[in-house]
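K.L.:
Let me give you the structure first, and then I'll get to my questions.
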Amino acid sequence: MSEHIVPRRIYVLVWVALLLLTLLTTFAATVDLGVLNGPVALTIACLKMTLVILFFMHVKYSTRLTWIIVLAAFFWLGILLTLTMNDYLTRHFLNYP
Amino acid sequence: MSQSDNLATMPAHAAAGNHGPLQHHFESLEQQRDASSVGMWVFLTTEIMFFGGLFLGYLVYRLSHFAAFAAASSTLNMDIGAGNTIVLICSSLTMALSVHAAAVGKRKTLLWMLGLTMFLGLVFLGVKGYEWHEKYVEHHIPGPNFVWHEENNPALAAERHAADVNPGETELFFSFYFAMTGMHAFHMVIGEGLLAWLFFKAWKGAFTPAYNTPVENIGLYWHFVDIVWIFLFPLLYLIDRHH
Numbered sequence: 685m686s687e688h689i690v691p692r693r694i695y696v697l698v699w700v701a702l703l704l705l706t707l708l709t710t711f712a713a714t715v716d717l718g719v720l721n722g723p724v725a726l727t728i729a730c731l732k733m734t735l736v737i738l739f740f741m742h743v744k745y746s747t748r749l750t751w752i753i754v755l756a757a758f759f760w761l762g763i764l765l766t767l768t769m770n771d772y773l774t775r776h777f778l779n780y781p
Numbered sequence: 004m005s006q007s008d009n010l011a012t013m014p015a016h017a018a019a020g021n022h023g024p025l026q027h028h029f030e031s032l033e034q035q036r037d038a039s040s041v042g043m044w045v046f047l048t049t050e051i052m053f054f055g056g057l058f059l060g061y062l063v064y065r066l067s068h069f070a071a072f073a074a075a076s077s078t079l080n081m082d083i084g085a086g087n088t089i090v091l092i093c094s095s096l097t098m099a100l101s102v103h104a105a106a107v108g109k110r111k112t113l114l115w116m117l118g119l120t121m122f123l124g125l126v127f128l129g130v131k132g133y134e135w136h137e138k139y140v141e142h143h144i145p146g147p148n149f150v151w152h153e154e155n156n157p158a159l160a161a162e163r164h165a166a167d168v169n170p171g172e173t174e175l176f177f178s179f180y181f182a183m184t185g186m187h188a189f190h191m192v193i194g195e196g197l198l199a200w201l202f203f204k205a206w207k208g209a210f211t212p213a214y215n216t217p218v219e220n221i222g223l224y225w226h227f228v229d230i231v232w233i234f235l236f237p238l239l240y241l242i243d244r245h246h
């Protein structure tokens, strides 16, 4: 599948979407969303990352083996983040000294 | 007879004794391309884990010293950060168009797009250098000369409890700021070098629709560096901006 040539139209569309999302995240940061400001910014960033990986890095058109490696990378990153946060975010649950 | 026919249809460099774009240990060009793409993604996986460690450290300290991180983040120029994000996204488009031009064998377009990508990358680095210089002037570089004087900044003092912000914790934010943007910029500099090499090879006509793996893989690298910035921008510039 890797000889698949992504049409330029798709690249331009993704580029426009990335520009709009950049403006959106900058605007959203100036609005008071309470505790949601951080999650909103990260959600938009994840969306932009997904667009770049699927289309600019054409993983969408790649072999299953490439998919497995990409997903494994994020799975291990997820382990790193969740297990560490599992520690730091729950330390105050018990009031041991 | 049949041998000379084969020679006539082979590319010049294949007839000259090497086997053309297809290495002998691969079945087909497609398999060769897939293998190199998988190899590049394995490398990018190590890069994801490398930057993941930086992001994790940042996250832990941001959650435990939120007020100081928010105050320090507010001293960064959000418009410059957003502008630089747009520059980098444009460079990703030109990189993607380079890959397209190489795949369809348009040498001239490939050269233009590679040149544009390099130019946009240099613009990004220039702006980054300007921002770092600003930090230097403001004494916001962590170390013996670090000074946190923003309690005198009326815009910040009005909304935030400026007195509650621990200067040492703002210094911590700037340590992360320089480590993360510095490591990102270092990757950009390497990317510029790789692009210069690609430009040189493309100039000599090394890339054809049959063989353009270096353009493809350096493209993957460039997009990865773009993704790192896509996260750095909101995390460093956009904390608690609504005040």
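Chains A and B, in that order, give the protein sequences.
Each number in the numbering used here corresponds to the 1-based position in the first sequence with 684 added.
Each number in the numbering used here corresponds to the 1-based position in the second sequence with 3 added.
We put the CB at the ideal spot given by N, CA and C, even for glycine.
Could you give the DSSP three-state label for B/Ala199: helix, strand or coil?
P.N.:
Note: B/Ala199 maps to helix in three-state DSSP.
K.L.:
Within 10 angstroms of its Cβ, does B/Arg36 collect 16 or more other Cβ (buried), or is it exposed?
P.N.:
That one is buried.
K.L.:
Alpha helix (DSSP H) containing B/Lys131: first to last residue?
P.N.:
Here the alpha helix (DSSP H) through B/Lys131 covers Arg110 to Val140.
K.L.:
At a CB distance below 9 Å, what residues from the region 734-746 of chain A approach chain B? Give them in sequence order.
P.N.:
Listed in sequence order: Val736, Ile737, Phe739, Phe740, Met741, His742, Val743 and Ser746.
K.L.:
For the alpha helix (DSSP H) holding B/Glu3, just list the boundary residues, first then last.
P.N.:
For residue 3 of chain B there is no data in the structure shown, the boundaries of chain B being 4 and 246.
K.L.:
Are there three or more Cβ pairs, one per stretch, closer than 8 Å when the region 198-205 of chain B is compared with the region 143-152 of chain B?
P.N.:
No, the region 198-205 of chain B does not touch the region 143-152 of chain B.
K.L.:
Pull up the CB-CB distance for A/Ile752 and A/Val743, whole angstroms please, since I reckon it's below 8 Å.
P.N.:
So it is not a contact: roughly 11 Å between Cβ atoms.
K.L.:
Straight-line CA distance for B/Thr173 to B/Ile221?
P.N.:
B/Thr173 and B/Ile221: Cα-Cα distance of roughly 37 Å.
K.L.:
Going along chain B, which residues have a C-beta under 9 Å from A/Asn721?
P.N.:
Within 9 Å Cβ-Cβ: Leu241, Ile242, Asp243, Arg244 and His245.
K.L.:
According to the Cβ coordinates, are A/Ile689 and A/Leu705 closer than 8 Å?
P.N.:
No, they are not a contact pair.
K.L.:
In the DSSP assignment, find the alpha helix (DSSP H) that holds A/Asp771 and state where it starts and stops.
P.N.:
Where A/Asp771 is concerned, the enclosing alpha helix (DSSP H) stretches over Arg748 to Tyr772.
K.L.:
Along the region 45-56 of chain B, where does the CB come closer than 8 Å to a CB of chain A? Name the residues.
P.N.:
Of all residues in the region 45-56 of chain B, Val45, Leu47, Thr48, Ile51, Met52, Gly55 and Gly56 have a Cβ within less than 8 Å of some Cβ in chain A.
K.L.:
Contact defined as beta carbons within less than 8 Å: I believe B/Ser76 pairs with B/Ile242. What is the distance between those atoms, to the nearest angstrom?
P.N.:
Sure, about 4 Å apart at Cβ, within 8 Å.
K.L.:
Find out if the Cβ-Cβ distance for the pair A/Ala725, A/Ala712 is shorter than 8 Å.
P.N.:
For A/Ala725 and A/Ala712, yes; Cβs fall inside 8 Å.
K.L.:
Run down chain A in chain order and give the residues with a C-beta less than 7 Å from the C-beta of B/Val41.
P.N.:
Those within 7 Å of B/Val41 in chain A are Leu749, Thr750 and Ile753.
K.L.:
Straight-line CA distance for B/Asn169 to B/Ala199?
P.N.:
The straight-line gap from Cα to Cα measures roughly 45 Å.
K.L.:
Say whether the region 84-95 of chain B touches the region 209-217 of chain B, bearing in mind that this needs 3 or more beta-carbon pairs closer than 8 Å, one atom from each stretch.
P.N.:
Cβ pair count under 8 Å is below three, so no.
K.L.:
To the nearest angstrom, how far is the alpha carbon of A/Ala757 from that of B/Leu62?
P.N.:
Rounded to the nearest angstrom, the two C-alpha atoms are 19 Å apart.
K.L.:
Along the chain, where does the alpha helix (DSSP H) containing B/Ala104 start, and where does it finish?
P.N.:
Segment Met81 to Val107, the alpha helix (DSSP H) holding B/Ala104.
K.L.:
Chain A partners of B/Phe234, CB-CB under 7 Å?
P.N.:
Correct list: Ala729.
K.L.:
By a C-beta neighbour count over all protein chains shown, 10 Å radius and 16 as the cutoff for buried, is B/Glu219 buried or exposed?
P.N.:
It counts as buried.
K.L.:
Would you mind telling me which residues of chain E sit closer than 7 Å to B/Leu123, beta carbon to beta carbon, in chain order?
P.N.:
The structure shown contains no chain E; its protein chains are A and B.
K.L.:
By how many angstroms is the C-alpha of B/Met116 removed from the C-alpha of B/Leu100?
P.N.:
Rounded to whole angstroms, B/Leu100 to B/Met116 spans 7 Å at the Cα level.
K.L.:
Should B/Trp115 be listed as close to the ligand PLP, given that the test is whether its C-beta is under 7 Å from any heavy atom?
P.N.:
Inclusion of the ligand PLP in the displayed structure is not the case, the ligand content being empty and no account of it being possible.
K.L.:
How about B/Ile89: is its C-beta nearer than 8 Å to some C-beta of chain A?
P.N.:
By this cut-off, B/Ile89 is an interface position.
K.L.:
Listed from N- to C-terminal order along the chain, which residues in the region 212-226 of chain B have their beta-carbon within a distance smaller than 7 Å of any beta-carbon of chain A?
P.N.:
Listed by position along the chain: Leu223 and His226.
K.L.:
Does any CB atom of chain A fall closer than 8 Å to the CB of B/His250?
P.N.:
A question about residue 250 of chain B goes unanswered here, because the residues of chain B that appear run from 4 up to 246.
K.L.:
Are there 16 or more other CB atoms within 10 angstroms of the CB of B/Gly20, so buried, or fewer, so exposed?
P.N.:
Caution applies to B/Gly20, whose pLDDT of 47 falls short of 50 and renders its modelled position unreliable; the value that the coordinates give is listed next. B/Gly20 should be labelled exposed.
K.L.:
State yes or no: is the beta carbon of B/Pro170 nearer than 8 Å to at least one beta carbon in chain A?
P.N.:
For B/Pro170, the answer is no, since every Cβ of chain A falls outside 8 Å of its Cβ.
K.L.:
For B/Phe210, name the three-state secondary structure that DSSP assigns.
P.N.:
Residue state, collapsed to three classes: coil.
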